[in-house]
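Numbering follows the numbering used here, in which position 153 of the sequence shown is assigned residue number 161; successive positions increment by one, without gaps.
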Amino acid sequence: MSVADLVLTPTGLRFMGRTFPCVIGKGGIRADKREGDGATPLGEHRLVGMFYRPDRIAQPRSWAERIGPRDLWSDESGDAEYNQLVQAPYGGSHERMRRADPLYDLVIVTDWNWPRAEAGKGSAIFLHQWRRKGYPTEGCVAFAREDLHWIAARVEYGARLIVR
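The structure is reproduced here in structure tokens:
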């Protein structure tokens, strides 16, 4: 492990010598993650992307991409575009990336079940803003806004999210 790794611990996420309060999936941590189980997957996951809302925040890193009005994330298990960024109109099950609330104003994407997604294994595991402290996610790791922005400003593309 290195200081560049993001390590999920029982007391929060450790990164660059700091520990940040966070929440995980309502299904806990699972080695056998499945679509819809609400679990955060056990293992080492590379950070492979970052998205931001340019109408709400400044670009946090040079490798961060804009979230556009038609951007969606496919969670349609079995579809060729499962666990990928897609554009509206899209007929399959999906999440809007450009949300009315601030949860996805800044999103860091892991390589969970990506780039070649296995049907039913679960879609996107993001690092994003929490709804509120203690409120679990659908499997993602979520933080207070200021902590997420602090992490995003320093994390490197390809860093590891380690979930034990």
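All residues carry an ideal CB built from backbone N, CA and C; glycine is no exception.
Got a sec: is the Cβ-Cβ distance from R107 to anything in chain B below 7 angstroms?
No chain B is part of this structure, which consists of one protein chain only.
Leaving out five residues on either side along the sequence, give the residues of the same chain with a beta carbon under 6 angstroms from the beta carbon of A98.
Here the sequence assigns Tyr to residue 98, which means Ala is not the residue at that position. Taken in chain order, the residues that qualify are L80.
Same chain, Cβ closer than 6 angstroms to S82, neighbours up to 5 away in sequence not counted:
E89, Y90, Q92, V94, G100, H102
Please state the DSSP three-state secondary structure of W71.
coil
Looking only at its own chain, which residues have a Cβ that is under 7 angstroms from the Cβ of R178, when we skip the five neighbours before and after it?
Absent from the model: residue 178. The displayed extent of the chain is 9 to 172, so no value can be given.
How many Å lie between T118 and R42 at the Cα?
16 angstroms
Just list the residues that DSSP pairs L93 with in beta bridges.
W81
Buried or exposed: where does E154 fall if 16 or more other Cβ atoms within 10 Å of its Cβ makes it buried?
exposed
In this structure, what does DSSP give as the bridge partners for P49?
R38
Give the DSSP-derived three-state secondary structure of L55 in the structure shown.
strand
Closest to E164 by C-alpha separation, out of D87, A47, R74, S70, would be which residue?
S70
Which ranges would you report for the beta strand (DSSP E) in the stretch 83 to 143 if only whole runs of at least 3 residues count?
93 to 95, 102 to 104, 114 to 118, 134 to 137
Identify which residue in R106, G57, G147 has its Cα closest to the Cα of S131.
G147
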